[in-house]
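Asker: 1 is the number of the first residue of the sequence shown in the UniProt record's numbering; add one for each residue after it.
Note that beta-carbon positions come from the ideal geometry of N, C-alpha and C, so glycine has one too.
Please find one structure pasted underneath; my questions will follow.
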Amino acid sequence: MAAADALRPGDNPLSLYEHAAQLRTQAKQLLDDTGEHRRSFRYHTIASLIESAIRLCDKALGQPTPAELKAVVNSVLQTANDIKDTSAIKRTTDTINTAAPAAQQNIQQSPMTWARVAALRTAATAQAQPNLAPSPTEKCRELVIKLTDRQMISHLRSQTPTHLKEHINRALKSQTDPEVNRIQIVAAKQLRSGDIAAYTRNQQEKDTLQESVHDWVETFGGSARIVTQTYGVIVHGVHTKSIDPSDMENAIKLLQAENKPLLPSAEIRYVGWLTKASTNKRASSLVVEFSRPEDANAAITGGMVWQAEMLSCELYDRTCKVKQCFNCQKYGHIGTQCQAPQACGYCAGQHSSKDCSQKEDPGAERSNADNSTY
Numbered sequence: 001m002a003a004a005d006a007l008r009p010g011d012n013p014l015s016l017y018e019h020a021a022q023l024r025t026q027a028k029q030l031l032d033d034t035g036e037h038r039r040s041f042r043y044h045t046i047a048s049l050i051e052s053a054i055r056l057c058d059k060a061l062g063q064p065t066p067a068e069l070k071a072v073v074n075s076v077l078q079t080a081n082d083i084k085d086t087s088a089i090k091r092t093t094d095t096i097n098t099a100a101p102a103a104q105q106n107i108q109q110s111p112m113t114w115a116r117v118a119a120l121r122t123a124a125t126a127q128a129q130p131n132l133a134p135s136p137t138e139k140c141r142e143l144v145i146k147l148t149d150r151q152m153i154s155h156l157r158s159q160t161p162t163h164l165k166e167h168i169n170r171a172l173k174s175q176t177d178p179e180v181n182r183i184q185i186v187a188a189k190q191l192r193s194g195d196i197a198a199y200t201r202n203q204q205e206k207d208t209l210q211e212s213v214h215d216w217v218e219t220f221g222g223s224a225r226i227v228t229q230t231y232g233v234i235v236h237g238v239h240t241k242s243i244d245p246s247d248m249e250n251a252i253k254l255l256q257a258e259n260k261p262l263l264p265s266a267e268i269r270y271v272g273w274l275t276k277a278s279t280n281k282r283a284s285s286l287v288v289e290f291s292r293p294e295d296a297n298a299a300i301t302g303g304m305v306w307q308a309e310m311l312s313c314e315l316y317d318r319t320c321k322v323k324q325c326f327n328c329q330k331y332g333h334i335g336t337q338c339q340a341p342q343a344c345g346y347c348a349g350q351h352s353s354k355d356c357s358q359k360e361d362p363g364a365e366r367s368n369a370d371n372s373t374y
């Protein structure tokens, strides 16, 4: 019989689900085959047994398959992991919210240093451009050549950036120093001030050009020089009579010598009063510019010594200094950079303020120049 042959040992499926399905099919077939012998007393015994087997198979087939059970278990595990991650995130958020006021208080109490300025600018850039990967700014590769020859400045106004770049590259190529003559500028432009901004391929090349002999710069005039970045601090409470304004070089030497125990490797590049009116006061604020940010930061946090007095310091950011042009009376540039028509600061007429006929007349009506750019 076909059903008996199908139930031979070794022929049954290994899977419980498949075995139940096959057994149900065979039992149903057997029940149909025995239907012809309904009058036999054996039929009722066999039929009830077969029907019970079929019901058992139906129950087995109604249960989830191993694959379905596995999927449910995986879903439960994933949900548990999500709950765990959410709890961890909530704990982290609570910690940040608790620590934020204390951190903010520490930030407000700590002095502003050049390191904090760099960090704040980086954070502001990241917030403004969240989807952009950080990349070196052009300032890291920018080399500024200071020009003082007015004829050279005027001549270069008519030159294209390509011409400026080639001019600098030829000058670099002519140098005997192999570290310098292998460097090539990738871009150049003339700034509004008349100075030249050149851009190297990377910051290392910029540093090499700044630290090497600057003979090649003389192709822009004998007084041309490379501008080096400095890091300024404001020293408060300096007695004005203790510094000779006509001999700031001597002030630099004295200031550097007196602070050697505190700032042993510091190099001071510039010293000058914060405002022109400083010399009229008994004591005023002095601007001191260092060649390294580390020394400026040390001065900000620890102060500086002058004539055996410990004086407090704070960061000096020259971008906060307002520039006004006395040619057009507008803000943001100075007269030597101005290409706008001349405007008088007294009557707004198209002439120099010093030539104004109304400046000595107290009854003359004053008319301010258009300062729309401020």
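What number of angstroms, rounded off, separates the C-alpha of Gly194 from the C-alpha of Val213?
Answerer: Start at 1 with the first residue of the sequence shown, and residue 194 comes out as number 194. Start at 1 with the first residue of the sequence shown, and residue 213 comes out as number 213. Looking at the two C-alpha atoms, the distance is approximately 23 Å.
Asker: For Val233, which residues of its own chain have a beta-carbon under 7 Å away from its beta-carbon, when the five flanking residues on both sides are left out?
Answerer: Locating residue 233 in the sequence shown gives position 233, counting from the first residue. The residues are Val288, Ala296, Ala299, Ile300, Cys313, Glu314, Leu315, Tyr316.
Asker: Exposed or buried, Lys170, counting other C-beta atoms within 10 Å across all chains shown (16 or more means buried)?
Answerer: Mapped onto the sequence shown, residue 170 falls at position 170. At residue 170 the sequence reads Arg, which differs from the Lys that was named. It counts as exposed.
Asker: Could you check the C-alpha separation between residue 389 and Gly221 for me, to the nearest Å?
Answerer: Given a span of 1 to 374 for the chain in the structure shown, any question on residue 389 remains unanswerable.
Asker: Could you please give the first and the last residue of the uninterrupted beta strand (DSSP E) stretch that includes Glu289?
Answerer: As a working mapping, residue 289 is identified with position 289 in the sequence shown. Counting along the chain, the beta strand (DSSP E) containing Glu289 begins and ends at 283 to 290.
Asker: I need the straight-line Cα distance from Glu249 to Thr228, nearest angstrom please.
Answerer: Along the sequence shown, read from residue 1 onward, the residue named residue 249 stands at position 249. Along the sequence shown, read from residue 1 onward, the residue named residue 228 stands at position 228. So the two alpha carbons sit approximately 18 Å from each other.
Asker: Can you tell which of Asp215, Tyr199, Gly303, Gln22 has its C-alpha closest to the C-alpha of Leu172?
Answerer: Stepping through the sequence shown from its first residue, residue 172 is reached at position 172. Ranking Asp215, Tyr199, Gly303, Gln22 by Cα distance to Leu172 puts Asp215 first.
Asker: If we count the other Cβ atoms within 10 Å of its Cβ and call it buried at 16 or more, is Thr162 buried or exposed?
Answerer: Your numbering for residue 162 matches position 162 in the sequence shown. Thr162 is exposed by the Cβ-count criterion.
Asker: Quick one: grab the DSSP three-state call for residue 440.
Answerer: The question about residue 440 has no answer here: the residues shown for the chain are numbered 1 through 374.
Asker: Count the other C-beta atoms from every protein chain shown that fall within 10 angstroms of the C-beta of Leu286, then say buried if there are 16 or more, exposed otherwise.
Answerer: On the sequence shown, position 286 is the one that residue 286 refers to. Classification of Leu286: buried, given that the 10 Å Cβ count is 16 or more.
Asker: Check whether the Cβ atoms of Lys189 and Leu164 sit closer than 8 Å, and answer yes or no.
Answerer: Within the sequence shown, numbered from 1, the residue matching residue 189 stands at position 189. Within the sequence shown, numbered from 1, the residue matching residue 164 stands at position 164. A contact, by the Cβ cut-off of 8 Å.
Asker: If contacts are defined as beta-carbon pairs under 8 Å, then Thr275 and Thr240 qualify, I think. What distance do you get, rounded to the angstrom?
Answerer: By one-based count along the sequence shown, residue 275 stands at place 275. By one-based count along the sequence shown, residue 240 stands at place 240. In fact, because the Cβ distance is near 11 Å, the residues do not count as touching under 8 Å.
Asker: Since Ile183 and Glu211 are thought to touch, with beta carbons under 8 Å apart, how far apart are those beta carbons, to the nearest angstrom?
Answerer: The residue labelled residue 183 in the question sits at position 183 within the sequence shown. The residue labelled residue 211 in the question sits at position 211 within the sequence shown. The Cβ separation is near 12 Å, so there is no contact.
Asker: Taking the alpha helix (DSSP H) that Gln203 belongs to, which residues open and close that run?
Answerer: In the sequence shown, residue 203 corresponds to position 203, counting from 1. Taken as a continuous stretch (DSSP letters only), the alpha helix (DSSP H) holding Gln203 covers 203 to 211.
Asker: Would you mind working out which of Ser174, Ser246, Gln256, Leu254 sits nearest residue 381, comparing C-alpha positions?
Answerer: The first residue shown for the chain is 1 and the last is 374, placing residue 381 beyond what the model contains.
Asker: Apply the 10 Å Cβ neighbour rule to Arg282 and answer buried if 16 or more other Cβ atoms are within range, or exposed otherwise.
Answerer: Position 282 of the sequence shown holds residue 282. With fewer than 16 other Cβ atoms within 10 Å, it is exposed.
Asker: In this structure, does DSSP put Gly237 in helix, strand or coil?
Answerer: Within the sequence shown, the letter at position 237 stands for residue 237. Of the three classes helix, strand and coil, the one that applies to Gly237 here is strand, per DSSP.
Asker: Short check: CB of Ala348 to CB of Cys328, under 8 Å?
Answerer: The sequence position of residue 348 within the sequence shown is 348, counting from 1. The sequence position of residue 328 within the sequence shown is 328, counting from 1. No. Outside cutoff.
Asker: If you follow the beta strand (DSSP E) that Val271 is part of, which residue opens it and which one closes it?
Answerer: Locating residue 271 in the sequence shown gives position 271, where the first residue counts as 1. Element bounds for Val271: 268 to 273.
Asker: Enumerate in chain order the residues of its own chain whose CB-to-CB distance from Ala187 is below 8 Å, with the five nearest sequence positions on each side excluded.
Answerer: By one-based count along the sequence shown, residue 187 stands at place 187. Excluding residues within five positions, the ones whose Cβ falls inside 8 Å are Pro161, Lys165, Ala198, Tyr199.
Asker: Between Ala20 and Leu69, is the Cβ-Cβ spacing less than 8 Å?
Answerer: For the purposes of this step, residue 20 is taken as the residue at position 20 of the sequence shown. For the purposes of this step, residue 69 is taken as the residue at position 69 of the sequence shown. Against a cut-off of 8 Å, the Cβ pair of Leu69 and Ala20 comes out as no contact.
Asker: Output the residue ranges of the alpha helix (DSSP H) runs that lie fully inside the region 138 to 167 and measure 4 residues or longer, sorted by chain position.
Answerer: Runs found: 150 to 156.
Asker: Do you know whose CA, among Arg157, Ala67, Arg141, Leu191, lies nearest Ile185's CA?
Answerer: Counting from one through the sequence shown, the residue named residue 185 turns up at place 185. Ile185 has its Cα closest to that of Arg141, out of Arg157, Ala67, Arg141, Leu191.
Asker: What three-state label does DSSP hand Gly303 in the structure shown?
Answerer: Residue numbering aside, residue 303 sits at position 303 when the sequence shown is read from its first letter. In the structure shown, Gly303 sits in coil (DSSP, three-state: anything other than H, G, I, E or B).
Asker: One question on the structure: do Thr176 and Ser223 come within less than 8 Å of each other, judged by their Cβ atoms?
Answerer: Here residue 176 refers to the residue found at position 176 when the sequence shown is read from its first residue. Here residue 223 refers to the residue found at position 223 when the sequence shown is read from its first residue. No, the Cβ-Cβ distance between Thr176 and Ser223 is not below 8 Å.
Asker: On the DSSP bridge assignment, give the partners of Leu315 in chain order.
Answerer: Numbered from 1 along the sequence shown, position 315 holds the residue referred to as residue 315. Leu315 pairs with Val233.
Asker: With C-beta atoms as the reference, is Ile252 less than 8 Å away from Ile226?
Answerer: Residue numbering aside, residue 252 sits at position 252 when the sequence shown is read from its first letter. Residue numbering aside, residue 226 sits at position 226 when the sequence shown is read from its first letter. Taking 8 Å as the Cβ cut-off, Ile252 and Ile226 do not qualify as a contacting pair.
Asker: Given Cys325, which residues of its chain have a CB within under 7 Å of its CB, disregarding the five upstream and five downstream residues?
Answerer: Position 325 of the sequence shown holds residue 325. If we look at Cys325 and ignore the five residues flanking it on each side, its Cβ neighbours are His333, Ile334, Gly335, Cys338.
Asker: What is the C-beta distance between Thr208 and Phe290, in whole angstroms, given that I count them as a contact (C-beta under 8 Å)?
Answerer: Counted from its first residue, the sequence shown places residue 208 at position 208. Counted from its first residue, the sequence shown places residue 290 at position 290. Contact doesn't hold; Cβ gap of about 21 Å is too wide.
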